[in-house]
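Residue numbers (the numbering used here): 66 to 639.
Here a beta-carbon is modelled for each residue, glycine too, at the ideal position from N, C-alpha and C.
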Ligand SMILES: Cc1cc2nc3c(=O)[nH]c(=O)nc-3n(C[C@H](O)[C@H](O)[C@H](O)COP(=O)(O)OP(=O)(O)OC[C@H]3O[C@@H](n4cnc5c(N)ncnc54)[C@H](O)[C@@H]3O)c2cc1C
């Protein structure tokens, strides 16, 4: 891999994505597909250039914290400078539509830019990620007035956003939210305290709050929650009652402000339907989950590069340590898992883009025949099923691998890796949070299980079988192995879904098995168009299909009794 803009990204700008259909559906038959594709490559080139400039300052200033000055979070210089650089070239709020001054870039490209920025500065990425994510939610759920008032300012980078869900008693379980929304003479006001809010000093807060009129009946559930846009400055220019009470000190991402935010009867504007806030917020969170997957990949990629560089330079026993077979295996495992995470994220992003293109096409082409419209609708629905399963899997896989890869990078560097100034140590500490925010890994695998319970596997596996069947040459025996793995998972999953507690107990290995075959298919497709990727795909299939066999056997032969055994083992420490 050379530099920020490498083949791992660029192959998706080529044959792996049907850009012709995408652009024609989104923009009409007369679109110049080549010019559009070249523009996307241009965006990535600009982003890569800026990231290469940002990286040294970010590593150097890694432990500089955000300071609270007169109640306002002030990020360290590398964050301010990085944000300005992204702003100058218009790389903020990339999903925003053209009518508000944005580029409305495909999800694939937005996630690639987040990956690049994370590789350079994981803290800066949190602010950039929210910039696009919050704007996207306002675009989708905000009134015309809110969209026109705020979106152009998001695009120019004049204002920033935050997503305010978590409260002391409401972490993974957002049903615990007690921030109260009260209506007075047609206006809405918020009272409550949110914790761990990334970019809590931002101008625009999207807040999940419980409506006063159904507070007691809905308490403890995700019903009765509405989504509010709460600005820190009201439209008439007066300050709103939103206060930053504290900033947190953290293990990593020091440059990312993490705040306790208090709403003291702050005026807010409802977005989406009253009581349907949780659903709207899930939409934002799903985009954000893919963003965090991209963050994990960027961090892991930086650590892998450091480790490979060091393994070539450091000599022990008369040779570079990278010449040792054990080291080669470790480094190959790191590359494999970065590439696997990326393959899963990109596959999911491409599906999202396909569906957005279908939506645009159906909205524009009023004269579509009934049969064609029904066919497109069916395809859209099947893609949605796939997206709902692949999103939590992409987040789970990329972030857990990020944790493992950055730890392995420390191992490759040996004692130097454990020094406070080591880049890989910093990357490891930055990477840990990716398995926690936007829903922990445990929540991601439970979400995936829920989708599997609703029958998503069949739809996902149908597509894999079709793609595997189209592979040719020396990829065929590998495709057959993956097909055999799919059968094992299908059998194990049906055994699993007979008992809900047992299914929850097994949700991690279940998520891993499914991810392994999805990634295997994607990597084999890559190898079909880029033969240099054959070893990567073959190694994934050989290593991960063994894990599939092991998990499937363990799931099929176990039962819910294993929970009692866990309790007995934990009891030894109580
Ligand atoms: C740096 C940072 C930035 C953050 N940014 C934001 C932000 O911008 N906006 C925001 O709203 N929040 C933010 N958060 C909050 C974050 O989303 C939560 O910390 C996270 O969702 C977990 O909630 P919790 O910390 O309360 O852990 P808990 O919910 O208490 O979970 C503790 C452990 O129990 C496990 N667990 C919980 N429920 C289950 C279950 N049903 N099954 C299995 N295991 C379970 C979890 O996986 C975890 O391992 C941020 C947090 C941090 C640390």
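Taking only the alpha-carbon atoms, compute the straight-line gap between residue i and residue j and give it to the nearest angstrom.
i, j, result
"residue 132", "residue 318", "14 Å"
"residue 160", "residue 199", "10 Å"
"residue 548", "residue 530", "7 Å"
"residue 182", "residue 465", "19 Å"
"residue 467", "residue 251", "47 Å"
"residue 269", "residue 634", "48 Å"
"residue 97", "residue 415", "20 Å"
"residue 128", "residue 544", "46 Å"
"residue 326", "residue 438", "47 Å"
"residue 620", "residue 522", "16 Å"
"residue 347", "residue 208", "19 Å"
"residue 93", "residue 162", "16 Å"
"residue 583", "residue 254", "46 Å"
"residue 386", "residue 475", "14 Å"
"residue 224", "residue 109", "24 Å"
"residue 320", "residue 480", "26 Å"
"residue 232", "residue 616", "36 Å"
"residue 357", "residue 177", "12 Å"
"residue 222", "residue 166", "11 Å"
"residue 554", "residue 84", "32 Å"
"residue 236", "residue 312", "18 Å"
"residue 471", "residue 124", "15 Å"
"residue 374", "residue 134", "40 Å"
"residue 359", "residue 284", "35 Å"
What is the DSSP secondary structure of residue i, counted as helix, strand or coil?
i, result
"residue 395", "helix"
"residue 258", "strand"
"residue 413", "helix"
"residue 350", "helix"
"residue 381", "strand"
"residue 308", "strand"
"residue 484", "coil"
"residue 469", "helix"
"residue 330", "strand"
"residue 390", "helix"
"residue 80", "coil"
"residue 121", "helix"
"residue 447", "helix"
"residue 637", "coil"
"residue 245", "strand"
"residue 625", "coil"
"residue 324", "strand"
"residue 162", "coil"
"residue 555", "helix"
"residue 428", "helix"
"residue 631", "helix"
"residue 232", "strand"
"residue 303", "coil"
"residue 569", "helix"
"residue 535", "coil"
Tell me the DSSP bridge mates of residue i?
i, result
"residue 291", "274"
"residue 269", "226 and 296"
"residue 341", "290"
"residue 576", "Per DSSP, none; premise fails for residue 576."
"residue 133", "138"
"residue 193", "DSSP lists no partner for residue 193."
"residue 336", "292"
"residue 263", "323"
"residue 253", "248 and 333"
Quick test of your reading: residue i and residue j, contact by CB under 8 Å. State the CB separation rounded to the nearest angstrom.
i, j, result
"residue 355", "residue 460", "7 Å"
"residue 130", "residue 266", "Wrong, their Cβ atoms sit about 14 Å apart, outside the cutoff."
"residue 113", "residue 147", "At roughly 14 Å, the Cβ-Cβ gap does not stay under 8 Å, so residue 113 and residue 147 are not in contact."
"residue 271", "residue 202", "6 Å"
"residue 580", "residue 458", "5 Å"
"residue 192", "residue 264", "5 Å"
Q. Are the region 207-216 and the region 390-408 touching, with three or more C-beta to C-beta distances below 8 Å?
A. no
Q | Meets three-Cβ-pair contact criterion under 8 Å: the region 526-538 and the region 488-499 | A | no
(Q) Closer than 8 Å is the cut-off here; do at least three beta carbon pairs connect the region 275-282 with the region 242-256? (A) yes
Q. Is the region 447-455 touching the region 425-432 in the sense that three or more CB pairs, one from each, lie closer than 8 Å?
A. no
Q. Touch check for the region 328-336 and the region 135-150: three-plus C-beta pairs under 8 Å?
A. no
Q) Do the region 556-569 and the region 359-369 make contact, defined as three or more Cβ pairs closer than 8 Å? A) no
Q.
Would you call the region 400-413 in contact with the region 580-587, where contact means no fewer than 3 C-beta pairs closer than 8 Å?
A. yes
Q) Contact between the region 571-580 and the region 497-511: three or more CB pairs below 8 Å? A) yes
Q) Below 8 Å, can you find three or more Cβ-Cβ pairs linking the region 192-208 to the region 366-383? A) no
Q: Tell me, please, whether the region 171-178 touches the region 410-427 by the rule of three or more beta-carbon pairs shorter than 8 Å.
A: yes
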